[in-house]
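Please read the structure below before turning to the comments.
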Amino acid sequence: MFNKKIIAAALAISGLFIGTTANAQFYAGATVGQARWNMDCAGTSSCKTNDTSFNILGGYNITPNWGVEGSYYNLGTVKANVYGVAAEMKATGIDLAGTYRAQVGNNWGLFTKLGLAYSKGEATAAFNNLRGSTSKNSTQVMVGIGATYAFTPNIAARAEIASRKVDFVGGDGNITNFNIGVQASF
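For the sequence shown, the numbering used here assigns the number 451 to the last residue and increments by one with no breaks.
Have a look at this one:
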């Protein structure tokens, strides 16, 4: 099911490239990096609080400075072991944010974004042959900052830091990710 979501998102973004215009108002891209989960590992025999994250994104610049951006994100899986109980948590979702961009020189740009993230937090626990899992959907505020470097008028490298709160049954956690990637404007 996860692969179907990735394929659907990739097809949707690739469809944006049809009928491109010369004013470069639409953009699409992908990033990969690391998500750091704000977890307390006290009392665990092993604990992993970071994992690989990725985003597939698309946006529209309404003016040279203001725009809107949406993305599908996967914040990876973290693991802990407490007295023989192995636990895993993972988070995926979509977000929609308003963006503000500022051009700094010919090739550099800075951006901020503020919006809502609709996340699915999943937790699994296993002890010997017993296994249980649960999930919870939530909508929370997301915030991010980043920079772009334009190699050409339509292709740019992108680096960003974003923070989201994800709810799990029985709790919640802040997840901050740092991603780098590429975006294409058209």
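C-beta: ideal position from N, C-alpha, C; glycine also.
>> Are the CB atoms of residue 365 and residue 324 within a distance shorter than 8 Å?
In response: Their beta carbons are not under 8 Å apart, which means residue 324 does not touch residue 365 by this criterion.
Flag this pair as touching only if the stretch 306 to 317 and the stretch 327 to 335 have three or more C-beta atom pairs under 8 Å; answer yes or no. Contact between the stretch 306 to 317 and the stretch 327 to 335 is not established, with fewer than three Cβ pairs separated by less than 8 Å.
Exercise for the section: Rounded to whole angstroms, what's the CA-CA distance from residue 350 to residue 389? Just pull it up for me. Expected result: Their backbone Cα atoms lie some 10 Å apart in a straight line.
Next item on the list: Evaluate residue 376 with the Cβ neighbour count: other Cβ atoms within 10 Å of its Cβ, from every protein chain shown; 16 or more gives buried, anything less gives exposed.
Entry: So residue 376 ends up on the buried side.
- Query: Measuring CA to CA, which of 416, 439 and 412 is closest to residue 406?
  - Reply: Selected option, being the one with the closest Cα: 439.
Any chance the stretch 378 to 392 sits against the stretch 350 to 362, with 3 or more Cβ pairs inside 8 Å? They touch, by the three-pair rule.
Buried or exposed: where does residue 279 fall if 16 or more other Cβ atoms within 10 Å of its Cβ makes it buried?
With a pLDDT of only 46 at residue 279, under 50, the local geometry of the prediction cannot be trusted, and the value read off the model is given with reservation. Classification for residue 279: exposed.
Those residues which DSSP pairs with residue 312 across a bridge: Paired residue(s): 345.
| Applying the criterion that 16 or more other CB atoms from any shown protein chain within 10 Å of the CB defines a buried residue, is residue 316 buried or exposed? | With 16 or more other Cβ atoms within 10 Å, it is buried.
field: Pairwise C-alpha distance: residue 446 and residue 302
entry: When only Cα atoms are considered, residue 302 and residue 446 end up about 21 Å apart.
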